[in-house]
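Student: Be aware that the sequence shown starts at 1, since it is given in UniProt numbering, and climbs by one per residue. By construction, the Cβ of each residue, glycine as well, lies at the ideal position given by its N, Cα and C atoms. Everything numeric in this text was worked out from a predicted model, so none of it was measured.
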Amino acid sequence: MTSELSKGLTSIVDLAEASGIAIGTIRHYQNVGLIQKPARAQYGGFRRYTQEDIDRLKFIQNALDIGFTLKEIAEILQHQRKGEESALFALLNSRKSAIEKEIRTLNRNLEYLVNLSAHCTPTQASAPG
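1) To the nearest angstrom, report how far apart A41 and F59 are at their CA atoms.
2) In three-state DSSP terms, what is R40?
3) Hey, R56 and I35 are a contact pair by Cβ (cut 8 angstroms); roughly how many whole angstroms apart?
4) Confirm, please, whether the CB-CB distance from I99 to G67 is below 8 angstroms.
5) Name the two residues that bound the continuous alpha helix (DSSP H) containing R47.
6) How many whole angstroms separate the CB atoms of T10 and A18, which I take to be in contact at a CB cut-off of 8 angstroms?
7) What distance in whole Å lies between the Cβ atoms of I73 and A63, which are believed to be in contact at a cut-off of 8 angstroms?
8) Please check the pair Q80 and I21, which I expect to be a contact at CB under 8 angstroms, by giving their CB distance rounded to whole angstroms.
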């Protein structure tokens, strides 16, 4: 893979390995338009992917990890491609606000559990069974 990637070309198997994303998922991303299907190579007929494709897949995974949907990721990519900074900012800021709200909720839940556990003594805790 390394020699192929250094030439800017890699197979879907190598793309999956380099990005940590399953081949079926990569194909799904192609079908919904998040990544492009490259043309087939003249010899061997295999599609060849580049470092840019690996970077795009890593971006998609990171965006999913912070809670964006595939539809929202497609919107982000479209706004980036078209240079629509204000629309991109609004979408990113909306997710940031949602994460901040989740953090506040988790902090309240944690505080509740800490207060609840403060009223327990180790002898009151018993294992099920």
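Tutor: Let me spell this out:
1) Distance between the alpha carbons of A41 and F59 is about 26 angstroms.
2) Shown here, R40 sits in a strand according to DSSP, grouped into three states.
3) Contact holds; Cβ gap of about 5 angstroms.
4) Less than 8 angstroms divides the Cβ of G67 from the Cβ of I99.
5) No alpha helix (DSSP H) contains R47, which DSSP labels as neither H nor E.
6) Right, the Cβ-Cβ distance comes to about 7 angstroms (below 8 angstroms), so this counts as a contact.
7) Their Cβ separation, rounded to whole angstroms, is 5 angstroms, which keeps A63 and I73 in contact under 8 angstroms.
8) That pair is no contact at about 20 angstroms.
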